[in-house]
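Numbering (the working numbering), first residue to last: 92 to 454.
Everything on this sheet refers to the single structure shown next.
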């Protein structure tokens, strides 16, 4: 095969040199004359022009084939590509997890970074693991065959977001894997928003975790609709991780409590007497919401919370609450004690609390 390629290269080089000389002679001939009535010359020149176009196409195809073979050969020589597919897939999984952790850390500082669409670093991070599948054919094959690698689904409420096109592709590649949904309502004020969940998430999907990242002031109707759609598609005991985070450009944004109601109407009174709070009404049966929350074992909330008396605080292994002191929201000390009693297996608790009596607790 190598000898055949070398022989073809030599023959092509000689033929191209001869052909170039013939074409150059023709050009020089006509550069010295104003007219020529040689029979059949026009047809010959037309044929050559057509042939050159065909040659160009075939040369481009040859170039692409050689580049592919060269890249594949070089990649096979890389030490990492000598690893078995299952080990490489594990490395991919670790890499994607690290990118996720970095992304979560950046989002925690979201008040300083602006809308998602304007942040290049975040938008690049959201392209994983797809970027891994474009390194070489071997990596692509390993990545696509690793269904769990595609289980992290990034979804945007921005109507024209390319993120949702990738989300659909990832859902298809994830197969029957448990899904981790990341919902971003974080575009600039005035951007057109939609609830993408009904069109993206199939009824058969098994949702393992939900992370909702929202800029304030958000499109409240879209935020209600999106969270309602996801929770209504979730199964109690399968959804075990819930992260609700609200960000804003100003420190005076109100905190919100989630509440289920079958038919929410404007002016529905809150069922809490905590000051400076809003109610995020979710359109779904109240019992379904409580069943879902009871099955959650990891709960992280930033300015959006289940009520302090909710079953969301039962049987937790991780609880992270951030209640900024400027919101005026706080936890009654008795409710906080009940939370701890309801979760005897609590392993991680890192929060800033403001109790209603004015005392503070940071751990």
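Ideal Cβ positions, reconstructed from N, Cα and C, are used throughout, including at glycine.
The structure displayed is predicted, hence computed values, not measured ones.
Cβ-Cβ separation between residue 331 and residue 387: approximately 6 Å, consistent with a contact (criterion under 8 Å). In the structure shown, the three-state DSSP call for residue 228 is helix. A straight-line Cα-Cα distance of about 6 Å links residue 258 and residue 246. Less than 8 Å divides the Cβ of residue 347 from the Cβ of residue 337. Residues 139 of the same chain have their beta carbon placed closer than 8 Å to that of residue 114, with the five preceding and five following residues left out of the count. Between the segment 237-251 and the segment 175-194, the count of C-beta pairs closer than 8 Å reaches three or more; the two stretches touch. Distances from the CA of residue 276 to each of 270, 261, 249 were compared; the closest alpha carbon is that of 249. Per the coordinates, the alpha-carbon of residue 385 lies some 53 Å from the alpha-carbon of residue 159. A residue is called buried once 16 or more other Cβ atoms fall within 10 Å of its Cβ, and residue 163, having fewer, is exposed. The C-beta of residue 261 has 16 or more other C-beta atoms within 10 Å across all chains shown, which makes the residue buried.
Closest in C-alpha terms to residue 271, from the list 104, 381, 296, 301, comes 301. The C-beta of residue 225 has fewer than 16 other C-beta atoms within 10 Å across all chains shown, which makes the residue exposed.
Taking the CA atoms as reference points, residue 284 sits about 34 Å from residue 405. Annotation: the continuous beta strand (DSSP E) that includes residue 347 extends over 346-352.
Distance between residue 192 and residue 351, taken at the CA atoms: about 31 Å.
In the structure shown, residue 412 falls within a strand segment according to DSSP collapsed to helix, strand and coil. As for any alpha helix (DSSP H) of minimum length 4 sitting wholly inside the segment 232-275, the runs are 254-265, ordered along the chain. Residue 298 holds the alpha-carbon nearest to the alpha-carbon of residue 327 among 298, 316, 369. Between residue 197 and the set 185, 215, 423, the nearest pair of CA atoms involves 215. In the DSSP secondary-structure assignment, residue 177 is not bridged to any residue.
Residue 375 is positioned such that its CB atom lies no closer than 8 Å to that of residue 349.
Assigned with DSSP and collapsed to three states, residue 438 falls in coil, not helix or strand. When the beta-carbon positions are compared, residue 410 and residue 390 come within less than 8 Å of each other. By the beta-carbon neighbour count (other beta carbons within 10 angstroms, threshold 16), residue 314 is buried. Ranking 438, 400, 407, 437 by CA distance to the CA of residue 423 puts 400 first. Annotated three-state conformation of residue 188 is helix, per DSSP.
Assignment of residue 284 by DSSP, reduced to helix, strand and coil, places it in the strand class. In this structure, the CA atom of residue 94 is about 23 Å from the CA atom of residue 109. Secondary-structure assignment with DSSP links residue 389 through a beta bridge to 332, 409.
With a cutoff of 8 Å on beta-carbon distance, residue 291 and residue 255 are scored as near each other. Taking C-beta separations shorter than 8 Å and ignoring five residues to either side along the sequence, the partners of residue 293 in its chain run 262, following chain order. At a Cβ-Cβ threshold of 8 Å, residue 393 and residue 413 count as neighbours. Per DSSP, the continuous alpha helix (DSSP H) segment holding residue 99 begins and ends at 93-122. The beta carbon of residue 438 sits closer than 7 Å to the beta carbons of 408, 409 from its chain, once the five residues preceding and following it are set aside; these are given in chain order.
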